[in-house]
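Report on one structure; see the data block that follows.
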Amino acid sequence: RSNVLIHKRVRLFSSSPYLTLGTRVKEVLPGDCNIGDVLLFDPAKEELVTVADKTIPKELTDEEMMGASHGWGFFCDRRDRSVRISSDIFNPLASKSNPTVIPLPRLTGLPFEQTEEVRNVAMSSSSPEK
C-alpha cells in the first residue's frame with residue numbers, strides 16, 4: 008500500500024503522461040473478467056510500468072485497442088465493427104476491480120470506392136489558450 012501512495016505523489020508532479028502499450032492476461036476466471044497486467048511506458052524515465060492484477064473485462068480480451076486517453080481505453084471488435092469504451096482500465100491509480108464497459112454504435116463502412124481511412128489522430132497545444 009505504501010508503494011501506491013509513493014507512486015501517486017510522484018506522478019502528480021510528472022509532466023509527461025504514460026503511453027499505453029496494452030494488457031497481458033495472467034489468469035482466466037469464470038464469469039465476465041480476467042486478471043492481468045496493464046503495460047504502460049513512461050517516456051520521461053524511459054521505462055516500462057506494469058500495473059499488476061487489474062481486472063480486464065472478457066469482452067475486451069479479443070478486441071483491438073484503437074486508442075486510450077486519460078486512462079480510458081477504446082476498443083473495436085473487427086468481426087462486427089462494434090466499439091466499446093472501458094473506464095479507467097489504463098489508469099494506474101484507478102480501481103483494480105471494477106472497470107466499466109460502455110458499448111457504442113458500430114463503426115460505419117467506408118463509402119464506395121474509398122480505400123483509406125484516417126486513424127491515430129492526436130492534437131496537442133503548448134498552452135491552454137491555443
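Residue numbers (my numbering): 8 to 137.
Positions of the beta carbon are idealized from the N, C-alpha and C atoms, including for glycine.
Nearest-angstrom Cβ-Cβ length linking residue i and residue j, presumed shorter than 8 angstroms
{"i": "Leu46", "j": "Thr62", "result": "Wrong, their Cβ atoms sit about 15 angstroms apart, outside the cutoff."}
{"i": "Val108", "j": "Arg91", "result": "5 angstroms"}
{"i": "Glu70", "j": "Cys83", "result": "6 angstroms"}
Span separating the alpha-carbon of residue i from that of residue j
{"i": "Cys40", "j": "Gly116", "result": "30 angstroms"}
{"i": "Pro37", "j": "Asp60", "result": "16 angstroms"}
{"i": "Ala51", "j": "Gly43", "result": "25 angstroms"}
{"i": "Val35", "j": "Asp49", "result": "28 angstroms"}
{"i": "Leu111", "j": "Pro64", "result": "16 angstroms"}
{"i": "Val32", "j": "Ser133", "result": "37 angstroms"}
{"i": "Asn105", "j": "Tyr25", "result": "21 angstroms"}
{"i": "Leu114", "j": "Asp95", "result": "22 angstroms"}
{"i": "Met72", "j": "Arg85", "result": "10 angstroms"}
{"i": "Thr27", "j": "Ser102", "result": "17 angstroms"}
Beta-carbon gap between residue i and residue j smaller than 8 angstroms
{"i": "Gly74", "j": "Asn98", "result": "no"}
Extent of the continuous alpha helix (DSSP H) to which residue i belongs
{"i": "Leu67", "result": "Lys65 to Thr68"}
Residue span of the beta strand (DSSP E) that contains residue i, given as start and end
{"i": "Glu34", "result": "Leu26 to Val35"}
{"i": "Gly74", "result": "Glu71 to Ser76"}
{"i": "Asn41", "result": "Cys40 to Asp49"}
{"i": "Asp84", "result": "Trp79 to Asp84"}
As assigned by DSSP and simplified to three states, the class of residue i
{"i": "Ile96", "result": "coil"}
{"i": "Leu55", "result": "strand"}
{"i": "Ser23", "result": "coil"}
{"i": "Gly116", "result": "coil"}
{"i": "Lys61", "result": "strand"}
{"i": "Pro110", "result": "strand"}
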